[in-house]
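> Before I ask anything, here is the structure I am working with.
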Amino acid sequence: MNSQPNIYKNKKPVFFFLAPAMLFLAVYLFYPFFQNLLNSFQAIKSLGTSAKGWNDPLYKNYAEMFQDKYMITALKNTLIMIAVTLIFQVGIALILALMTDNIRHGAKFFRIVYFFPIVVSATALGLMFNLIFLYDKGMINQLLESLGKAGLTDWKDEAHAIVTMMIPVTWQYVGFYFIILITGLNNISDELYESAAIDGATGWQRVRYISLPLLHNVICTVSVLAVTGALKVFDLPWVMFPKGMPLGKTWLTGTYMYYYCFDAADVDYSSAISVLIVVLGVVLSKVVNRIFREKDI
Numbered sequence: 001m002n003s004q005p006n007i008y009k010n011k012k013p014v015f016f017f018l019a020p021a022m023l024f025l026a027v028y029l030f031y032p033f034f035q036n037l038l039n040s041f042q043a044i045k046s047l048g049t050s051a052k053g054w055n056d057p058l059y060k061n062y063a064e065m066f067q068d069k070y071m072i073t074a075l076k077n078t079l080i081m082i083a084v085t086l087i088f089q090v091g092i093a094l095i096l097a098l099m100t101d102n103i104r105h106g107a108k109f110f111r112i113v114y115f116f117p118i119v120v121s122a123t124a125l126g127l128m129f130n131l132i133f134l135y136d137k138g139m140i141n142q143l144l145e146s147l148g149k150a151g152l153t154d155w156k157d158e159a160h161a162i163v164t165m166m167i168p169v170t171w172q173y174v175g176f177y178f179i180i181l182i183t184g185l186n187n188i189s190d191e192l193y194e195s196a197a198i199d200g201a202t203g204w205q206r207v208r209y210i211s212l213p214l215l216h217n218v219i220c221t222v223s224v225l226a227v228t229g230a231l232k233v234f235d236l237p238w239v240m241f242p243k244g245m246p247l248g249k250t251w252l253t254g255t256y257m258y259y260y261c262f263d264a265a266d267v268d269y270s271s272a273i274s275v276l277i278v279v280l281g282v283v284l285s286k287v288v289n290r291i292f293r294e295k296d297i
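Residue numbers for the sequence shown, in full-length UniProt numbering: 1 to 297.
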């Protein structure tokens, strides 16, 4: 006798409940994306105006991207941002999660503290870090002066701008990945650690042979989120370094796209940049998945 409930045999209710979500995605995701793809091949200047026709040649914007020195700078900075995100954001978040998981008292306090930056507006954080890195009377320069360093450092000049921009971005999102990783650690059975301790395993051995292997899939997911998130970084860098200052050295693909859409009034070129961002996101996500290769546990 077949004991399978009728709800699993009748698929119509499933489609009924999925339809609103699919409609929402079609209207607010798929349609704008394909319209944006179409716009990248047309001549559109100001936002909200109709196209003046097709570009000649059609791939004009895409060819121009690879001849635009600022676009090349934006791509290079974005790739650096991705590397920094994977190494420092995910790396620091993993270390903090492993350390916090071993705390018996006050663990909730540390979880709140580490997660707190992500709930603060990126605009507010940008203004705060502008004050921290201020040339005259900035917090860092005042600290260095108190330690006896002669002369002030301009942390937002051409030599320091990239590092100055990436420090707050890294700091802001560590807590986000920390929460995901600590949740993954909490799902690991305590019995495994107790058995390992009985067998004489040290703390490092428990981390190496239990925590990290069982956290593999979570790390893979976090890495994909980190890569796609780095491609979408916009608000904090834009507040700290508007219009790629100084000398266009701090452009990212997101800030450069925004600049061409709203400031330079070249919508079709910004549409081409946004398509490139999507393609990079898909390709790099596949690369990260291939590197980490999710495992069946």
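The beta-carbon is built from N, C-alpha and C at its ideal position, and this holds for glycine as well.
Would the segment 106-123 count as touching the segment 167-176 if we require 3 or more Cβ pairs under 8 Å?
Contact between the segment 106-123 and the segment 167-176 is present, because at least three Cβ pairs lie under 8 Å.
> Is it buried or exposed for Trp-204, if we count other Cβ within 10 angstroms and need 16 for buried?
That one is exposed.
> Quick check: what's the CA-CA separation for Ser-211 versus Phe-110?
Straight-line Cα distance between these residues: approximately 20 Å.
> Look at the Cβ atom of Tyr-269, then the Cβ atom of Phe-234, and state whether they are nearer than 8 Å.
Against a cut-off of 8 Å, the Cβ pair of Phe-234 and Tyr-269 comes out as no contact.
> If we ignore side chains and look at the alpha-carbon of each, how far apart do Leu-215 and Gly-184 end up?
Leu-215 and Gly-184: Cα-Cα distance of roughly 6 Å.
> Considering only the alpha carbon of each residue, which of Ile-277, Thr-221, Lys-76 and Met-81 lies closest to Tyr-62?
That would be Ile-277, whose Cα lies nearest to the Cα of Tyr-62.
> Consult DSSP for Trp-155 and reduce its assignment to one of helix, strand or coil.
Three-state DSSP puts Trp-155 in coil, outside helix and strand.
> Could you name each continuous alpha helix (DSSP H) segment of 4 residues or more that falls completely within the segment 6-89, going from the start of the chain to the end?
List check, alpha helix (DSSP H) in window: 6-9, 12-25, 31-39, 60-65 and 69-84.
> Enumerate in chain order the residues of its own chain whose CB-to-CB distance from Ala-230 is below 6 Å, with the five nearest sequence positions on each side excluded.
Cβ neighbours of Ala-230 beyond the five flanking positions: Met-81, Ile-82 and Thr-85.
> For Trp-251, count neighbouring C-beta atoms within 10 Å of its own C-beta (all shown protein chains included) and say buried if the count is 16 or more, exposed if not.
Classification of Trp-251: buried, given that the 10 Å Cβ count is 16 or more.
> Can you tell me where the alpha helix (DSSP H) with Gly-248 in it begins and where it stops?
That residue, Gly-248, is in no alpha helix (DSSP H); it is neither H nor E in DSSP.
> Using 8 Å as the Cβ pair cut-off and three pairs as the minimum, do the segment 152-171 and the segment 122-139 touch?
They touch, by the three-pair rule.
> Which whole runs of the alpha helix (DSSP H) in the segment 120-157 are 4 residues long or more, in chain order?
Whole alpha helix (DSSP H) segments, 4+ residues: 122-132 and 139-146.
> Can you give the Cα-Cα distance for Met-1 and Ile-188, rounded to whole angstroms?
Note that Met-1 scores 49 on pLDDT, short of 50, meaning its location in the model is unreliable and no value can be drawn from it.
> Given this structure, state the Cα-to-Cα distance separating Asn-186 from Ile-291, to the nearest angstrom.
Using only the alpha carbons, I get a separation of about 25 Å.
> Between Leu-152 and Asn-141, is the Cβ-Cβ spacing less than 8 Å?
Cβ distance < 8 Å, so Leu-152 and Asn-141 count as in contact.
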